[in-house]
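**Student:** This is the structure, below, for whatever I ask next.
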Amino acid sequence: MGIVKRHHKLTLFACWVLAIHGLEIRAQDCELPDYCDRLCWSPQGSHPAQSNPVSTDPSHIIVHHSGDNLVWPVGTDFKLVVQAYWDQHVNTNGWADIGYNWLIDRNGIIYEGRGDGVRGAHFSCMNQSTTGICLIGNFELEVPSAAALNKLKDLTAWEASDKNIDVLTGSQHTSSQLDLFHLSGHRDGNPSTTPQSCASGTLCPGENLYSLLSSTRIDVGNYQCYNGNPNLLDCADAVSLSCGVMYSGGTSTDTSSVFSYACNNWTETGPERVHIITPTTDGPLKAELSGFAGDLDVYILGSCDPTDCLGSVSSSSAVYEEAEAGKPYLIVVDSDDGSAGPYQLLVTCPTPVGTENSNLGASIELFPNPGYDRVYHRTPADIQLTNIEIINGQGQVLLVADPNGSINVSQLPNGVYIVRFTDQFRRSANLKWVKN
Ligand SMILES: [Zn+2]
29 MGIVKRHHKL
39 TLFACWVLAI
49 HGLEIRAQDC
59 ELPDYCDRLC
69 WSPQGSHPAQ
79 SNPVSTDPSH
89 IIVHHSGDNL
99 VWPVGTDFKL
109 VVQAYWDQHV
119 NTNGWADIGY
129 NWLIDRNGII
139 YEGRGDGVRG
149 AHFSCMNQST
159 TGICLIGNFE
169 LEVPSAAALN
179 KLKDLTAWEA
189 SDKNIDVLTG
199 SQHTSSQLDL
209 FHLSGHRDGN
219 PSTTPQSCAS
229 GTLCPGENLY
239 SLLSSTRIDV
249 GNYQCYNGNP
259 NLLDCADAVS
269 LSCGVMYSGG
279 TSTDTSSVFS
289 YACNNWTETG
299 PERVHIITPT
309 TDGPLKAELS
319 GFAGDLDVYI
329 LGSCDPTDCL
339 GSVSSSSAVY
349 EEAEAGKPYL
359 IVVDSDDGSA
369 GPYQLLVTCP
379 TPVGTENSNL
389 GASIELFPNP
399 GYDRVYHRTP
409 ADIQLTNIEI
419 INGQGQVLLV
429 ADPNGSINVS
439 QLPNGVYIVR
449 FTDQFRRSAN
459 LKWVKN
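Numbering (my numbering), first residue to last: 29 to 464.
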């Protein structure tokens, strides 16, 4: 793309964090993405920058739309559109330059407006300590493109890491005296109580873009170049769980690395606790948390990647209906209030009744049935059992027996049970057995 110039940022103010233990160094240094500079969108130089720019050090990034009274047709030359905004801002409004610091079109091309570190004219006369990014379009009428949103995130990640701005939180913006997210929409500036505000209220940046700002913050927070964490989830020490067996998790002293999972757009600020389970039959996998303080949430992941979140989450429980036998799933406990305390976690696997492998089941004899204190099994010579479990009606494993001997059932209360046999081919069979 010859028209787009590459500008390499000098790393003068790159933020380096030196870990206390060891020599690990964390760098927060997202790159400024490619952009179309002023000579790119105005090759004749007929839309000049102001001669006396006022510098500002942004604490807040303000997102806009251009709010045109139309949806730009396919094939629009957005350089001409940027020229038109400059002309309106300078010749109609009487401003020194185009109001925004940056603009982004629907194709994901970034245009230089006033550029980096210059006070703009975009935030209702409260521009000090802001930078203004305008997505070209009217997001009351249309939905922003993925290409434009991705560039908004890239540009935000660069600005935030360069200016040491925490995109996940907010603070009071001095010139508006409003408590604002560090990544806010123009409309967050109204109503302002300050005398310098010249806003009478705005819809900008449009509902369809404004509603994406929370997930944009989280997505930028997950940028490796931003948060400095090369491995979001640590799955190497995942705790192994068994279906139907309650696990008691202890307090964690780890730090939070993952800020969101793809199943929802909640912000997670607690340390992640990773568990692993492999169901032996196809069907719904359900994870439930109990016995905790604070606000823990649980997620089911198909891999060690927060974007590979499966099924539905309702805070302290998660369900994935289409779990596959023999495939490992990660069960992640995280919190949206920083909680790191103890918890209990119960994962239930597909109900075993009716899902047995008929071939294996037909070749196992289980006797006596009904029985009382000891039960025996017999299998053909080519089948080697590797595991025997006794499961109650709630799917909980009550007893794991020696696959090569008889089963002592004297401690079990009277009732109906499933005896699950697993063989050397990882096939399983569930036989109904009654104690009386
Ligand atoms: Zn605006």
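By construction, the Cβ of each residue, glycine as well, lies at the ideal position given by its N, Cα and C atoms. Predicted, not measured: the structure shown is a model, and the values here were computed from it.
Whose C-alpha, out of 130, 86, 73 and 132, is nearest the C-alpha of residue 198?
**Tutor:** For residue 198, the nearest C-alpha among the options comes from 86.
**Student:** Strictly by DSSP, which residues pair up with residue 362?
**Tutor:** 325
**Student:** When DSSP labels each residue in this structure, what does residue 108 get in the three-state scheme?
**Tutor:** helix
**Student:** Let me make sure I understand the geometry here. Which of 219, 292 and 455 has the alpha-carbon closest to that of residue 152?
**Tutor:** 219
**Student:** What are the boundary residues of the alpha helix (DSSP H) that includes residue 403?
**Tutor:** Taken as a continuous stretch (DSSP letters only), residue 403 belongs to no alpha helix (DSSP H), being part of the beta strand (DSSP E) at 402-406.
**Student:** Return the chain-ordered list of same chain residues with a C-beta closer than 8 Å to the C-beta of residue 271, the five sequence neighbours on each side being excluded.
**Tutor:** Excluding the 5 residues flanking it on each side, residue 271 has same chain C-beta neighbours closer than 8 Å at 305, 307, 308, 375, 376, 377, 423 and 425, in chain order.
**Student:** Can you list every residue whose CB sits closer than 5 Å to some heavy atom of ligand 1, going in chain order?
**Tutor:** Look at which beta carbons fall closer than 5 Å to any heavy atom of ligand 1; those residues are 92, 214 and 232.
**Student:** With DSSP run on the structure shown, which of helix, strand or coil describes residue 218?
**Tutor:** coil
**Student:** Within its chain, find whatever has a CB closer than 8 Å to the CB of residue 441; leave out the 5 residues flanking it on each side and keep chain order.
**Tutor:** 463
**Student:** Name the DSSP beta bridge partners of residue 207, please?
**Tutor:** 200
**Student:** For the stretch 318-331 against the stretch 387-398, do three or more pairs of beta-carbon atoms, one drawn from each stretch, fall closer than 8 Å, so that the two count as touching?
**Tutor:** no
**Student:** Could you tell me whether the stretch 308-328 touches the stretch 344-354, using the rule of 3 or more Cβ pairs below 8 Å?
**Tutor:** The stretch 308-328 is in contact with the stretch 344-354.
**Student:** What distance in whole Å lies between the Cβ atoms of residue 277 and residue 348, which are believed to be in contact at a cut-off of 8 Å?
**Tutor:** The Cβ separation is near 20 Å, so there is no contact.
**Student:** Tell me the rounded alpha-carbon separation between residue 175 and residue 457.
**Tutor:** 51 Å
**Student:** Let me know the beta strand (DSSP E) ranges lying completely inside the stretch 281-355, each 3 residues or longer, listed in chain order.
**Tutor:** 301-305, 311-318, 324-329, 340-342 and 345-351
**Student:** Less than 8 Å between the beta carbons of residue 13 and residue 231, yes or no?
**Tutor:** Nothing about residue 13 can be read from this structure; the chain reaches only from 29 to 464.
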